[in-house]
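Numbered by UniProt numbering, the letters in the sequence shown go through residues 1 to 141 in order. Ideal Cβ placement from N, Cα and C applies to all residues, glycine included. Here's the structure we're looking at; comments come further down.
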Amino acid sequence: MERSRKKSKNQKIAQLARDFILALPSELNEEEQEELLLNYCQENFVNHGMVADIAIHRDKDGNPHAHIMTTNRPFKENGDWGTRQKKVYHYDEQGNKIYDKEKKTYQCSTEKTTDWDGKERLKQWRENWAIAINDSLEKKD
Numbered sequence: 001m002e003r004s005r006k007k008s009k010n011q012k013i014a015q016l017a018r019d020f021i022l023a024l025p026s027e028l029n030e031e032e033q034e035e036l037l038l039n040y041c042q043e044n045f046v047n048h049g050m051v052a053d054i055a056i057h058r059d060k061d062g063n064p065h066a067h068i069m070t071t072n073r074p075f076k077e078n079g080d081w082g083t084r085q086k087k088v089y090h091y092d093e094q095g096n097k098i099y100d101k102e103k104k105t106y107q108c109s110t111e112k113t114t115d116w117d118g119k120e121r122l123k124q125w126r127e128n129w130a131i132a133i134n135d136s137l138e139k140k141d
């Protein structure tokens with residue numbers, strides 16, 4: 001991933017991954033915890049175009065948890081990095097691009113290609129994790 005990251009973006013400030021730490025329910029055994037985590041990551045991240053790198057930690061203090069690193073940019077079908085945003089040109093009533101004579105360029109704006117950076121998405125991921133845990137604990141009982 002590191003080589004691809006360097007090739008994909010030449011900006012020094014590019015953020016291409018995000019980290020999560022999820023507590024794993026100690027009521028589940030190791031196999032059940034792993035199944036819960038893999039299903040959650042598949043449904044919430046991978047199925048939406050992200051790559052998820054998962055590391056499970058089982059500390060001696062009884063605090064099982066997982067570190068998940070996900071990509072901030074989607075991948076295309078061919079495996080190349082996708083874009084986080086796209087340029088959208090503005091058009092007049094006749095369907096022609098609007099030219100800004102002062103700036104000597106066509107008027108445009110940017111549009112995000114995913115909603116992965118939004119607070120609402122983070123809230124949804126948190127809610128989905130709680131639901132996944134509760135469902136797993138109910139199945140165990």
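With H, G and I counted as helix, E and B as strand and the rest as coil, what does DSSP make of S26? Three-state result, S26: coil.
If we require 3 or more residues per run, which beta strand (DSSP E) segments fall completely within the UniProt domain "MobA/MobL protein" (8-140)? For the UniProt domain "MobA/MobL protein" (8-140), whole beta strand (DSSP E) runs of length 3 or above, ordered along the chain, are 17-23, 52-58, 64-71, 85-89 and 108-112.
Could you tell me the alpha carbon to alpha carbon distance between Q15 and T113, rounded to whole angstroms? 15 Å
Contact defined as beta carbons within less than 8 Å: I believe L37 pairs with A66. What is the distance between those atoms, to the nearest angstrom? 5 Å
For G82 and A17, what's the separation of their Cα atoms in angstroms? Distance between the alpha carbons of G82 and A17 is about 13 Å.
Under the assumption that N39 contacts A130 (Cβ atoms under 8 Å), give the Cβ distance between them as a whole number of angstroms. Here N39 is actually not in contact with A130; their C-beta atoms are around 14 Å apart, not less than 8 Å.
Judging by CA-CA distance, which residue of G79, S109, R84 and V46 is the nearest neighbour of W125? V46
Euclidean distance between Cα positions of S26 and Q107: 55 Å
Using a Cβ-Cβ cutoff of less than 7 Å, which residues in the same chain neighbour I54 once the five nearest sequence positions on both sides are dropped? L37, C41, A66 and I68
I'd like to know whether the C-beta atoms of F20 and V51 end up nearer to each other than 8 Å. For F20 and V51, no; Cβs fall outside 8 Å.
Taking the Cβ atom as the reference point for each residue, do N44 and N134 lie within a distance shorter than 8 Å? No, the Cβ-Cβ distance between N44 and N134 is not below 8 Å.
Measure the beta-carbon distance from W116 to N72 and round it to whole angstroms, keeping in mind my assumption that it falls under 8 Å. 6 Å
Output needed for D100: all residues of its chain with C-beta closer than 6 Å, excluding positions within five of it in sequence on either side, in chain order. Q107
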